[in-house]
Structures are given as structure tokens and as C-alpha cells.
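For reference, the structure discussed in these notes is given below.
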Ligand SMILES: Nc1ncnc2c1ncn2[C@@H]1O[C@H](COP(=O)(O)OP(=O)(O)OP(=O)(O)O)[C@@H](O)[C@H]1O
Ligand SMILES: Nc1ncnc2c1ncn2[C@@H]1O[C@H](COP(=O)(O)OP(=O)(O)OP(=O)(O)O)[C@@H](O)[C@H]1O
Ligand SMILES: [Mg+2]
Ligand SMILES: [Mg+2]
């Protein structure tokens, strides 16, 4: 990429105001053909908003966009598609009721005598998805496939649509290493073909692996654009946060945990999870590792009673307990921060404050409302402690950025002061700064004696805070790593081979 | 609690303005509209009639507001009215006292609510279909009780509920205002209101947060059944007879309309019972305009449709948003507006969470 | 078989089983008469139900159709009585009007961002109100062209008459199926039902699709009105009250989810037949009082919903272990 | 031979209708007829479906109480093709006369006229403002009874209809609308009420009483149908006149049918039932007692 080539897309002075928040303040972005451009920034910096303004999903309040030197002003995503801009928005935005093939071709179905040709559509879909190493039946509804498959379909659709520009908003958040590799291969091919690619992520490794330049946003403003070949990770982080990320040298998590809090014996559910045994002590963080679809989320849901087990038993402090619903679990002071925050976590139209106290209130009962002053105090304390960025506690939580929603959900469970907290992908979509904070938070909770079960795809993170790591494969526990054995290398090997013995 | 009162007033301000406008229309067609006399031991006047005749719709829309807040709908309330009225009438016909009759009718209404609630919350049938079953069958059940006749009664206690007065005020007015206040306080002074809103917005999240959504949903339908039964008793008492075929016929639509005119979203979530009640008064005022205008009855529906369309258009998110923008630009741009009060107009311009 | 076809198969099997059972009890039901009656008597209902299927697939609802049928009938009757315009021209005129009416409702729903339930409820009041204004009397239609159309039938052995209107309904269903499954418009309808915001982000033209859907429903209600006017040779402003609920019930019995995005036009056809069968059975029985008729209809409706629910549960429970909440 | 007869009834929307159903069933039972009953829930399309199903079952005759006058040609033709006689109850249809055997009905216009004439006589030239409670908008009784009443008072300028609004044939609407009449015109300005059916009159009586006026004296009340409750009101002097619409339409119809089937005597096309006028002079208490068991 050289400076004298003409930009494919240049946006200047893009502004977007929300009541109580200036999401974008005169943002400029220039994309050159054949470059992969990273868009970086903290949660709520305005990345997704910028993308939506560029592609006509939002109406921008100011600014102009030029595509190949011509002024464009897309008022709908359809229009931007016509201009050759393909987009994957944050959170999978596909239609679960349509088939995979229909999702891929929506709006540009192959026609035969004016009628949609299902046969050709499926043949094409099979071919396209084959290019991503996906061999699935394209006539099945999208909802029957895992989030990862859906994400790949979304990417494939956007790639097919993008003649000039491809925009990917956190496409790798729910992908595995292998799939990320596959995606990068595709991105490199597109780059060869001269497309401009915008890549948003919170994984800096990935940024440095695939991107050429990076534009960093902070509080809705561009704070700088860098050639990545000439910058370092610390540079970029500094630019994002406006401060240095203090890298606390992590002590190995101590092995001196307290009494056994919980014991699951032969707990499982047919067709969902093989029966397993698991004991968790106070002051212990048990990590759950595995590939996509290996059953981590299922384990979490089962233990929380969201999907009741059909066999086995659970013991809490040497007393047998029944776990048939989340309410049972909450009564026993469990908490679960779910993986899919949009559908299982936030209550979108309720205020941030109400979302934070929701679980606490539900436990208190219908007729004992929490005292208003106490609610405010509680909410404000957590907003401060977790550094949730918001205009007001009264704003509906769906207006928060993804990362801030995640923090508010954490606050919801912390407010119930649980003995046992299950976190499913707690750092998905969270920026580097907050990432470090959440890891520190987990450490802090453990030190206070709480028992935690954390499912995560980020092995480094698991290694950092786990006192023990359980590895899952094909919906079955395959092995457990302790103490010094806990390392990224060992986990990867265990996932691949299924046995620690063979690793060691 | 002045803060809460202020918030309520702000919430219902548009409804109050519309009510005022429709009442003004009444005055235009009938200048004496606001005259209230004390005559024959009771308050007597058109405004009293609006409040009195609005009672069934008002009662229905109390429960309907809650059901709609959970993302549901209850089409069966009209039929439940008929069943309750028939039950009360047949009980007094069999020699029971009015208290027994009232309690019996309410119990039957609650039972109907339980049926709907179980269908919706346990069997997970979509509310509109689940309640359609009782809407169709309910009138049959009511007629089964009355054997197809208009079951008349003379029990003064029961009649008092519909046609009587307390200190000159018609009893139905006191009943709906009382029940409305009771349930409003019941949901707002406890956590119920918020929890109902939560399951209406995202049931999956709410369940995972430990809300007993199943029981809460059933309770909401129970309340609706209760309200419908009370409305049914009032309507029967008003004419001293249970008319199984016509009592509450199509009234479910009026109730839903009242809830929507009250600014509540059919997609569930945030609700205001007070606003719905004002909505019911608005609908009754529209009916009053039609009656007082003296136009031939073939114009009734057209007039009603046009007035309602006008009201709905004024209330639509797009128009509200446009008004909000107008106001904001009048107050000069860039002024910080509190996010909460502006959340409704936002719905259009932003990607909503569903 | 695709998993999504299951509700359709369930509906068809339910109909066949019910038909066989009924015929077992009343052998006269296994006649061309009854079959022909099912088609003719439900023709207008079937046609509106096709439109309703599209509306419901898109996640909406159209409560105005019953009134639009009545309005169409009265309009035709009045215009054929008072002017010398040819019925075909009147048909075109009234179809244009009902399409415009539907499109207007669609436009309000989209541009003013109002729920379909309420907009079409207002539409329901308005259409019937307009019918009253045209004429409160029932107005007979005596044009000879109507006699010509009515005399177009094929008399099958056994006395069944397969009439033109039944054929119009069948044609509507076939066209409806093609439009739903083989055109971009149809795919957009399904997309809208899957989630309007997502569909918007995926580039589905919301405005034209929404307006198109309600225009289609309005137009088909107009067509049903024409068929109804052929059926009764009259226009009557009190006719077809509550037909919207029958149509919705038929669509739902046919396996389409009211929450939108999933279902089949063909399923609606069998939903209509099932509803027709219920009525025929009740008449053949002939012992039910007025009130038991209502209770039995409600009970059978419930039975069908339950049957469908059970079958769907039995087959999907294993596939999707995670919690799944039916959206209303 | 045992006859099988299909009866397509409109529905059970009013007490009178329920009584008609009861009486029809009684009459059929009396004659040993197997009556197949079909309730159409007030929908013409259901009635057509029912008739077609009756034809498919090959019944011996069909009784039809048509919900509306128009729209029966096609289905009656089918019945005729199948050689099944059709007898109409309480309303004739706009169809060629050879499509049905006979129609047993009252004359709706005549009923209204009787009511009008009664009022003319009662007022004897005194000026009188009349309010009218119409039936369901668009229904033929509402249209015809309105027309008949207007004919009845034609030429008597002392009688003036000052307000006319629909009460949907129901008690509760009758009461509501009367309330608004009383307010809009002032109770003293109204001298008589004409209601298209008794149920609305019963509702209106309550409204009048609640307004502190005396029904039957301050406001004269005339209505149609002669259901038990209006006789009770008349016995108490709260209503003044009613015109009977007999629920026994099936009796004469079945008589005619039996004669036709046994001896081939063709009945007249129209068997008119009596529209008897009841006033305060009759023993209304006795009429009430006689009628109350009929399922009104
Ligand atoms: N509809 C809205 N109303 C009010 N504020 C909003 C709305 N949408 C977004 N915001 C605010 O705009 C800011 C930018 O949000 P955006 O989603 O663009 O952040 P982001 O950079 O994509 O963050 P993340 O990395 O968490 O996805 C946030 O502060 C958010 O709270
Ligand atoms: N073969 C399959 N057919 C249908 N659905 C599947 C299949 N495999 C997985 N799924 C779906 O994928 C989900 C499991 O994947 P998921 O990615 O949630 O598991 P996980 O182990 O928790 O991984 P992660 O937490 O990384 O997402 C389940 O909800 C399941 O419905
Ligand atoms: Mg984002
Ligand atoms: Mg998971």
C-alpha cells in the first residue's frame, strides 16, 4: 500500500449525537485499496456507531463520505450494499428462521425465469461455505447451528457483498483459533484483490497479525492513526486508554483454597452433556476450557439449573440440594453471567439501575421492594467500581456499548453477593483495559473466598486466574489441570488429544 | 412521594391533553356537556356518564395493561365478562346473597384467568391464540349457564354494584377508580411492576436473573380474569340481567385500544395503568361525542375510526420523534437532555434490541 | 424432509385423520358434495387467509380483512345498482381501492412505526363504517354477468358442484405459494418475520416490503369480497364480521407461527379445510345447542393447537436443548 | 315415516331468538321429527354452509331463519335440484318464489306501523317528541321497523322523532343510549320512546328511572317483540305497549310441510303470523307467566 494511491473510501467529519452522549465527534477515516485497517478503542469509544453511520444503518448528524472520489450518502444498508460495502455488524445479525443459503443470498437470490432458484442457491452456498472449510447442509435453518457457524456465515455473506469495502465488527469474538486462521486467510485473499477491509477487535495480537494500519477512537474522537509496522502494542494501548496499562506481574494463583463448597456427582443431561463429577472449594477459580461446542456453556447452564440435569446430584456444604431452576440456584447463592448477553443477559428497555438490581430484587421477593436510596447507592458503587461508562443510571441498558453491558451484568451478580459465581465468557467483547480490570476483579473475588467457575475461550486469561482448569471435549470432561500444569500449551494439547497423560 | 407523582404526571401528559381535546369536542357538539346536577339522589350529567359508562373498559384495561406489559394479549376478557355476569345472575337466582354471587363470579373470572395463564405460561401457547380459545368457547359457557336467556334478577345488593350510587356517585366509578388505584399501588409499591416489565422485555434474561416468570405470568392473567369478572358483574348489575350473548361483546378490542392510546407498547415492557385508564376515558368520550352529535348511526363507526386514527397518529413514535426534534431545535441544539425522558423518541432512530 | 416442514406435515396428517374419522361416523361425508362444499363455502375465507399468511409470516397481523370484504360487497352492489358499469370494471376498481387501503395501512405501520394490531383495528372500524355509509340495507346484485359467473361450475358425479369461486381460491393458494417461496418478495417477508431490525441491517427494503404485504392482504381481501359477492349475490354491510379471527385461526392451525418467520401458505390451505371440517361435522351431528356449538368449536381449536404443540415439542425438544421461549 | 329436518338458525343473539329455537325444537318433538339444528353464530356464510351440509345429508326438508334477505339464490337452487323443500322462518328472502315452499313471517314494517299508530292514538293530537332506539345498524328489523313506524305516524305533525340512535338490540346499549338522549334533550322534552325491540326498552326504562322520571307516565314507551320482561314492566305500569312477534314460526311451517308431504297441498307463499298489540289493558302479569318458560 502506498500513499499515492487514491483512497477507496474516505469519511470526513462524521458526527453522531445521542441524547446525553456524543457518540462520534467529527471523525475522519480513510481507507486505501488493499489495506486492512484496524479500528480500535475502548468499549463505548464509538467504533460500532461509526460503522453504522458509514453504512447507512444510522443517519449521521454531520460529515461526508466519499467512495472512489464520489460523494455517497447511504440512507439504508441496502444502499451501501449496492455501493459494494459489505458489513458484519457486531453481534451476529442474521435471520435464524431462514436457511443458511437464504441468509447468504438474501436480497440477491439467483433467479430463474424471474423466480428464486433454491437449487442453484444451495449449490452456490455449499461452494462458498466450502471455501471457509464449512461443510453443512445449507437448506437447514440457521438457528440449528452454533454461534461460530453463524458468524462464519455472516462473514461469508459480507464478503460476497463487498465489491470494494469489507467491514468486520468484532467478527472473531466468538470464533476459535482455527476459524480465526481461516478468516485471516480469506482476508488476505481479499486484500490481494484490492479490497479495503475494516477490522474491529479487542484482540491486539490479531490486529498486529493481519492489519496494516490502525485508527484509534477515544470518546468518539480520533486520537490517532498508526502504521502498525512501526508501532508496538504498548503504543497502541496507550493511545486507546490514554494511559499506560499497568501490567501487574501475576502471581500464580495459590493452591490454598478453603473448604469444599460444592460437589456435583454424576450430574449430566441426555443429549446435552455427559455426566461428570466436579468439586469446587471456597476461594477457588475453576476454569473451563474447550473448543466451540465442547459443552462449556452447557456445563454452566446445567450447574445453574437453567437447563435442569436429568441425572446425578448436587451437594452444597455437605447438604444435598435440588437444582431445577435458576431460582433454586440463586437461593443457594449462585450467580451466572451468561454467554449471550443480548438474549440471556440484559433486559434492554429497563434502566441500567434496574438491570443491576434485578437479580437481587428477584431474590428478595415480589413484595419486598428494595429501598430507593439503597438501590441508588448500590448501582452507583458498582458503576464506579467497574468503571461502567454511561450518561445516566436511568438510561435503558440497550443503549450502552457491548462491553459496558457486560460490566453491568457482572454488577448484577456481584450485587447479590454470591458464594458461587459462574462466568461464561466474561471478557467477550471487552476492551484491553477492562479486560485487565475483570481479571483483577476475579482475582479479588477469589481472595475474598468466593468460589468461581469461569468458561472462556481465551487461554491466557484462564491460565492467569484459574487455580484449576477442566478441559472439555465433545460435551464430556476429558481432564483436569492443576497448579504448575496449567499453561496454554498444556490446555491446547489436552483439548487436542483429550488426555493429560499424553501431553506430559 | 411527590417525585413519583410528578413522574406519573409527566408520563400521562399526552393522554391528558388528548382527553381534554376530545372533551372539548363534546362541548362543541353539546355546550352543556360539563353541567353536573345533583338529581334524584345521584350526580347527573354527561361527564358523570363518561366516567360511569367507561367503567367496563376501564376495568378491563387495568388487567389488559399488565398482560400487554408481559408481551401478551387477552382476547377472552369480553367472554369472561359474560361468564361472570351469568354466574352472578344464576347464583342470585338460586337464592344466594349478593356477596356470594359477587365472590362466585370473581372466582370464576380468576379461574378463567388461570386457564389462560396456564396455556400461556406452562403450555407456551402464543397468548393471542391461547386466549382466542376462551374467547370462542367462553360465550358458549356463559349461555350454558343462562340457557340462552337473559337471566334477570332483582337482588338489590347486586344491582347496587352496577346501577347504585354511593354518596351520589355511581358505584361503577368508585369501583374502577378504586381497583385502578389499588393495583397501581400494588405493582408500584412492590417490585411487581418492574418484574412484570422485565419478563415482558426479555423473558429469558429475567428467568436467568431468578424471576419466577411462569408464576408471575399466570398471576397477571389471574388479575385480568378478576378485572374482567368485576366488569362483567357491573354490566349485568347495570341492566339487572345477565345477557350472555352481548355482555362485553368486542369490548376486548376497546380495552386493547385504551391500553395503546395510553401510550403502552404492544411489544411489552414499560407500562402505566393510569395512562391506560385515561385511554379508556378517551374512548368513552369519543363514544359520547358520537351519541351527543345526533348524527345517524351509520356514521358512528367512521367517526370513531377517524378520531382514533388521529389520536394514534399523534401518539406514534415517528410523530413524537419529530416533535421532540422540533422542540430540541427550538431550545437550541446541543442541550443536554436526560436520556430517560428521551428514550421513547429514540426508538425510531436506533437499532432496537429485538 | 427439512425440519421446518414438520408443522405442515402435521397439519395435513391431522386433516386426513379427522376426515377419515368423521366419514366413519357419517358416511355421507365421504361424498363429492361435501368436498365441493368445503371448497366453495370456504373460498372467500381461503383467499383472505392467503393474505393473512403473508401478514403473519412477516410478524404482523391484519384485523381489517373482514370489514374490507363487507365493504367490497356493498361497494360492488351499490355501484352495479346505481351505474351501468360492467362488473369486470367494478372488480378492477374495487381491487384498486382495497389494495390502496392495504398499502395505506402498511405505510402507516412502517413510516409511523405503529403496531399492526392497532393500525388494522382502526382500519377495521373504518372499512365497516364506510360500508354503512354506502348502504345499511343489504343490496342484491342482479347483473346478468353474475349469473354467468355463477353458472360456471362442474357438477361431479354424486352431486358435488365445483364452482368457479373454489377454483379462484385454489389458484390464489398456488400463486401465494409461488410468491412466498420462489420470489424475492416472499423471502423478504420471511426475513421481516425473523426480525425486522436484523432484516433492515441485511438490506431488506422494509418500507416496500411492509407496504407490499398489507397491500397484498388488502387486495386479497378485496378479491375475497368479490368472491363473497358472487357467493351471496349481494352486498351487506353486516356481513363477514369476525372473519379476521377465522382467518387467523386457520393460519395458525396451518402451522404458521404468529410470531412470524415460520410457516407455509400450503399449511393455511389445510387449516382452512380443518376449520371447514369442524363446521361440517357439527352440522352433520345436528344435536348441539347454540352454546354447545361455541364450546365445541373452542374445544376443537384448543385440541388442534395442543396436538400441534405436542408434535412440535416431541420433535424439537431433542434438537435444541437450550431454553426456548415462545414469543407472543 | 320419520322425517329428518334441518334447521339453520341465525344464532342466539337475543332472548327472542333463543325462544324461537326452543319452540321450534318443541314443535319438532311434538311431531316426532328428527330435527338437525345448526347455529350459524350470526353469520350468513355459516348458514349457507349448514344448508349445503343438510343437502349432502339428504334431509327431507330445511327450515331456514335467514340472517339477511339477500344472497340465497345459489344455495336454494341447489336444494331445489336435490328436491328438498325449504321453509323460511321469520323473514323472507330476495329470491325467486319457486325456490322455497313457503315463508312464515310476521310483517316487520307492519309491526312498526302498529307501534306508530298506537302512539298516534295515545297522544290524540297532543304534541309529542319521540326518541327512537334503533336495532343493529343494517339489520332488516331495524330498517323495516323504522320505516313502519315512520309510516304509522306520517301525517301527524304533533309527533316528531327528535333523536334516533342505534342500541344494537341489547339492554345495555338501550340503557346507555337512552341516558344520553335524556341528557341531550332533557327528560322533560321527551314524551315517548319507540324501541325496535323490547330488550332495549327494558334497558331504557332503567335509564329513565335513574334520571328520576317515571317510565310509562312521563315518557310513554312502545316497543316490539313481546318478551316476558316487557310484560312484567307493563304490569308495573312502566311500559305502555308492545307488539308481539311470536316465536312460534315453526308450528305453522311444519303444519304446511306435513300437509305438503302427505297430500301434496301447496301452501301459500307467505304465512303471516299475527302482530298482536298488547297494551296496559291486557293482563300482562298473566302473559308474563305464560311466556317465561319458553326460553326467552
Ligand atoms: N441508541 C443510543 N442511545 C444513546 N447512546 C448510545 C446509543 N447507542 C450507542 N450509544 C452510546 O454511544 C457510545 C458508542 O457506542 P458504540 O456501540 O459505538 O461503542 P463501541 O466502540 O462499539 O464499543 P464496544 O467495543 O463495547 O462494542 C457509547 O457510549 C454508547 O453508550
Ligand atoms: N451439531 C449440532 N447441531 C445443532 N446444534 C449444535 C450442534 N453443535 C452445537 N450446536 C449448538 O451449539 C451450541 C453449543 O455451542 P457453544 O459454542 O455454545 O458451546 P460452548 O462449549 O459453550 O462453546 P463456547 O462457550 O465457546 O461458545 C449449542 O447451543 C448447540 O445448540
Ligand atoms: Mg461495538
Ligand atoms: Mg459457550
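Residue numbers (our numbering), protein chains in the order written: chain A, 2 to 505; chain B, 503 to 856; chain C, 96 to 423; chain D, 74 to 369. For glycine and all other residues, C-beta sits at the position ideal for the given N, C-alpha and C. For clarity, every value in this text was computed on a predicted model and none was experimentally measured.
- In the structure shown, residue 792 of chain B falls within a helical segment according to DSSP collapsed to helix, strand and coil.
- Here residue 264 of chain D carries a coil assignment [DSSP, helix/strand/coil].
- Take residue 671 of chain B, set aside five residues on each side of it, and the residues of its chain with a beta-carbon closer than 7 angstroms to its own are 545, in chain order.
- Rounded to whole angstroms, residue 147 of chain A and residue 434 of chain A show a C-alpha spacing of 29 angstroms.
- Per the DSSP secondary-structure output, residue 234 of chain C pairs in a beta bridge with C:330.
- The Cβ-Cβ distance between residue 13 of chain A and residue 65 of chain A falls below 9 angstroms.
- In the structure shown, the three-state DSSP call for residue 351 of chain D is strand.
- Listed along the chain, the chain B residues whose CB falls inside 8 angstroms of the CB of residue 206 of chain C are 820.
- For residue 332 of chain C against residue 227 of chain C, the beta-carbon gap comes to about 5 angstroms, under 8 angstroms, which counts as contact.
- Below the 8 angstroms Cβ cutoff, chain C contributes 296 as neighbours of residue 90 of chain A, in chain order.
- Cβ proximity to chain B below 7 angstroms picks out nothing from the segment 211-234 of chain D.
- The beta carbon of residue 235 of chain C sits closer than 9 angstroms to some beta carbon of chain D.
- By the neighbour-count criterion, in which 16 or more other beta carbons inside 10 Å mark a residue as buried, residue 519 of chain B falls on the exposed side.
- In this structure, ligand 1 has a non-hydrogen atom nearer than 8 angstroms to the beta-carbon of residue 50 of chain A.
- No heavy atom of ligand 1 is found nearer than 8 angstroms to the CB of residue 55 of chain A.
- Under the 9 angstroms criterion on CB atoms, residue 154 of chain D is classed as non-interfacial with respect to chain B.
- Rounded to whole angstroms, the separation of the alpha carbons of residue 126 of chain C and residue 303 of chain C is 45 angstroms.
- In this structure, the CA atom of residue 323 of chain C is about 11 angstroms from the CA atom of residue 166 of chain C.
- At least 9 angstroms separates the CB of residue 138 of chain D from every CB of chain B.
- With fewer than 16 other CB atoms across the displayed protein chains lying within 10 angstroms of its CB, residue 382 of chain C is exposed.
- Residues of the segment 139-169 of chain C with a Cβ closer than 9 angstroms to any Cβ of chain A: none.
- Among the residues facing chain A, residue 286 of chain C is included, as its CB has a counterpart in that chain under 9 angstroms away.
- Proximity of chain A to residue 210 of chain C at the Cβ level (cut-off 9 angstroms) is not reached, the minimal Cβ distance being about 15 angstroms.
- Residue 170 of chain A is classed as buried because its beta carbon has at least 16 other beta carbons within 10 Å across all chains shown.
- The beta carbon of residue 132 of chain C falls within 9 angstroms of a beta carbon belonging to chain D, placing the residue at that interface.
- Annotation for residue 701 of chain B indicates a beta carbon at 8 angstroms or more from all heavy atoms of ligand 3.
- Taking 9 angstroms as the CB threshold, residue 309 of chain C stays off the interface with chain D.
- Under the Cβ criterion of 9 angstroms, residue 555 of chain B is counted among the residues facing chain D.
- Looking at the DSSP output, residue 81 of chain D sits in a beta bridge with D:111 and D:137.
- According to DSSP, residue pairing for residue 266 of chain A in a beta bridge involves A:314.
- Taking the C-beta atoms as reference points, residue 577 of chain B is found nearer than 9 angstroms to residue 634 of chain B.
- For residue 436 of chain A, the uninterrupted alpha helix (DSSP H) run begins and ends at 433-448, by DSSP.
- Exposure of residue 418 of chain A is indicated by the presence of fewer than 16 other C-beta atoms within 10 angstroms of its C-beta.
- Per the coordinates, the alpha-carbon of residue 616 of chain B lies some 14 angstroms from the alpha-carbon of residue 574 of chain B.
- Distance check between residue 148 of chain C and each of C:299, C:393, C:292 and C:342 places C:342 closest, using alpha-carbon atoms only.
- Here residue 211 of chain C is not near residue 345 of chain C, since their CB atoms are 9 angstroms or more apart.
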